[in-house]
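Novice:
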Amino acid sequence: MSEEIIIFDTTLRDGEQSPGASMNTAEKMRLAGQMEKLGVDVLEAGFPAASEGDFEAVSEIAGKLKKIQVAALCRTNKNDIDLAWNAVKHSANNRIHIFLATSELHMAEKLKMTREQVLTAAVESVKYAKTLTANVEFSAEDGSRSDRDFLCRVFEATIAAGANTINLPDTVGYSIPFEFAELVKYVMKHTPNMNKAILSVHCHNDLGLATANTLAAIEAGARQAEVTINGIGERAGNTSMEEVVMAIHTRPNYFPYSTHIVTEQLYPTSRLVSTTTGIMVQPNKAIVGANAFAHEAGIHQHGVLVNPMTYEIMKPETVGLNANKLVLGKHSGRHALHDHLKEMGYDLSPGELNNVFKKFKDLADKKKHVMDEDLEALVQEGILRTTDVFKLEYLHVSSGTTVMPMASVVLAINERPVKGAGYGNGPIDAAYNAIADLTGTDSELLRFTVSALTGGTDAQGEVTVRLRENGITALGRGTDADIITASAKAYINGLNRLEYLKQHPPSIAS
Ligand code: KIV
Ligand code: ZN
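Start counting the sequence shown at 12; every next residue gets the next number (our numbering).
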């Protein structure tokens, strides 16, 4: 009999703490719906005290999701706990997740609290949260660098106060797998009432060891893994869900565990997260990277043709990678589009479908084969960005060897059309100058990358930009068959995200 590992997804909370990854409520709702389809057990929807936007997103998600547990993060103070509760109470299956640091460094330098004060705050906050919900998790922030015996005291006291889950985070990604497993065993042995709670782990990837540490902890006795899709998160990120789940799934003889994750939904979820946040997945990323199932060397290609098991330890279909990605063409109808989008994880309303169908027909006129990546881009641009302040209405550029590059642009700013023009070193520079002028932005362009969305000379161009204004960073993404239009769309998307972030400053938890 395999033991169940609880998958606690924190893409919407810790994942959103990746620089520039902020999502608006509509984007979070869509991702939350996909998480339900993916089969996560607990979804940490946000940190309601961090901003009104976080509160609103957590409340809406809690009200909508029916199958999975929705958690909200908070510090130990009453106001934070009340906000977390008021946001998650809309879910019948809710969890309040309280965190407080327990390492000497954090207690002395950051919290300016003594051990006894930390212990009291932890216990009191759990007791209070327990008056609101039956389901409370306590996390000892920087747990892996805390004094072991103090950690066990805090765990014992918070379990006695009613915590159902005790989380041991490697907040700064400092642990080494063997050492982390030893710590888990130590905690299990020296926390007398540990059998009354689930032990969870939450690892960061600063040394590239988050997945290894999480798996080592599971082997040592942890039964909840806190993870994110694509491993996104603060600094070098969090433990990647797809890696942990597929390690367990692929090595059943080694790992006698199971999860509720529908592995076929891993790749679609990964795509949804990367297109929503603008954070690209590195091509060689395990499980979901573009090259994860690509065989380059002739010997490998031959082997795979003879028998895929020679070089593939997992089937691409198992993670939801559709080997036959060719999808629709200009003769495809609304039903085919609807069905295919549904398979990809987008369940659109009739109005949304109309909107995407129109864009699909326009694209199919320019491009013979419309692929999954193209459809994702259409949905992202057509549906998920409906609250944008700035919209591109018109773009004309002239450039060449004998003319000074020039761009004329019409934008809708809060639905009001404005037009302008700009010169530059090249057509993209000219378009960016015109857009900057019209929007009045002070942002700095930190990064500009361009790639092809699919293969073929008719592929759509995909542009990502990173912008910074007053210390706030935002990513922008744009796709179009025309690379200059894609660049303008990416810039405008980045500016919209900056606007959103100004209204909804990023979360403040680690
Ligand atoms: O990394 C961390 O310690 C956290 C806690 C809030 C669980 O994210
Ligand atoms: Zn974290």
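In this text, a Cβ means the ideal position worked out from N, Cα and C, and glycines have one as well.
Mapping the DSSP letters down to three states, classify N335 as helix, strand or coil.
Specialist: The predicted model places N335 with a pLDDT of 49, which falls under 50 and marks its position as unreliable, so this point remains unresolved.
Novice: Count the other CB atoms, across all protein chains shown, that sit within 10 Å of the CB of G57; report buried if there are 16 or more and exposed otherwise.
Specialist: buried
Novice: Are the CB atoms of E190 and T222 within a distance shorter than 8 Å?
Specialist: no
Novice: In chain order, which continuous runs of the beta strand (DSSP E) of length 3 or greater are located wholly inside the stretch 48-134?
Specialist: Under the rule that a run must span 3 or more residues, the beta strand (DSSP E) segments found entirely inside the stretch 48-134 read 53-57, 80-85 and 105-112.
Novice: Name the two residues that bound the continuous alpha helix (DSSP H) containing E190.
Specialist: Counting along the chain, the alpha helix (DSSP H) containing E190 begins and ends at P188 to H201.
Novice: Using C-beta distances below 6 Å, list every residue in its chain close to G489, excluding the 5 sequence neighbours before and after it, in chain order.
Specialist: V474, A497, K500, A501 and N504
Novice: For P267, is the classification buried or exposed, using 16 other Cβ atoms within 10 angstroms of its Cβ as the cut-off for buried?
Specialist: exposed
Novice: Is E55 buried or exposed, if buried means 16 or more other CB atoms sit within 10 Å of its CB?
Specialist: Result: buried.
Novice: Can you tell me which of the three DSSP states S251 falls into?
Specialist: S251 falls in the strand class under three-state DSSP.
Novice: Who are the near neighbours of L486 in its chain, counting only those whose CB is closer than 6 Å to its CB and skipping five residues on each side?
Specialist: G31, G289 and R477
Novice: Can we count H526 as close to the ligand KIV, meaning its CB is less than 7 Å from some heavy atom?
Specialist: Past the boundaries of the shown model lies residue 526; the chain is included only from 12 to 521, so the question cannot be answered.
Novice: Can you tell me whether N241 sits near the ligand ZN, meaning its C-beta is under 7 Å from at least one heavy atom of the ligand?
Specialist: For N241, the shortest C-beta to heavy atom distance toward the ligand ZN is 7 Å or greater.
Novice: Using 8 Å as the threshold, is the C-beta distance between T125 and I109 below it?
Specialist: no
Novice: Nearest to T484 by CA position, among L456, L220 and A95, is which residue?
Specialist: L456
Novice: Look up S13 in the DSSP assignment and say whether it is helix, strand or coil.
Specialist: Correct three-state label for S13: coil.
Novice: How big is the Cα-Cα spacing for N335 and Y278?
Specialist: Bear in mind that a pLDDT of 49 at N335, under 50, signals an unreliable position, so the model cannot answer this.
Novice: So for R8, helix, strand or coil by DSSP?
Specialist: The requested residue 8 does not occur in the structure, where the chain is confined to residues 12 to 521.
Novice: To the nearest angstrom, how far is it from the Cα of R106 to the Cα of Y139?
Specialist: 13 Å
Novice: Return the CA-CA distance between R24 and S410, expressed in angstroms with no decimal places.
Specialist: 44 Å
Novice: To the nearest angstrom, how far is the alpha carbon of T131 from that of A60?
Specialist: 21 Å
Novice: Taking the alpha helix (DSSP H) that Q235 belongs to, which residues open and close that run?
Specialist: First-last for Q235: Q235 to V238, but that is the beta strand (DSSP E), not the alpha helix (DSSP H).
Novice: Please name the residue, chosen from P428, D93 and M415, that lies closest to G437 on a Cα-to-Cα basis.
Specialist: M415
Novice: Please report the residue range of the alpha helix (DSSP H) in which A441 lies.
Specialist: Residues P438 to T450.
Novice: Would you call A418 buried or exposed, if buried means 16 or more other Cβ atoms sit within 10 Å of its Cβ?
Specialist: buried
Novice: Tell me whether D153, by its Cβ, gets closer than 7 Å to a heavy atom of the ligand ZN.
Specialist: no
Novice: Rounded C-beta distance between A73 and S102? I'm assuming under 8 Å.
Specialist: So it is a contact: roughly 4 Å between Cβ atoms.
Novice: Using beta-carbon positions only, say whether F19 and Q235 come within less than 8 Å of one another.
Specialist: yes
Novice: Mind checking which residues open and close the alpha helix (DSSP H) that includes H213?
Specialist: Taken as a continuous stretch (DSSP letters only), H213 belongs to no alpha helix (DSSP H), being part of the beta strand (DSSP E) at I209 to C214.
Novice: Measuring from the CB of N249, is there a heavy atom of the ligand ZN at a distance below 7 Å?
Specialist: yes
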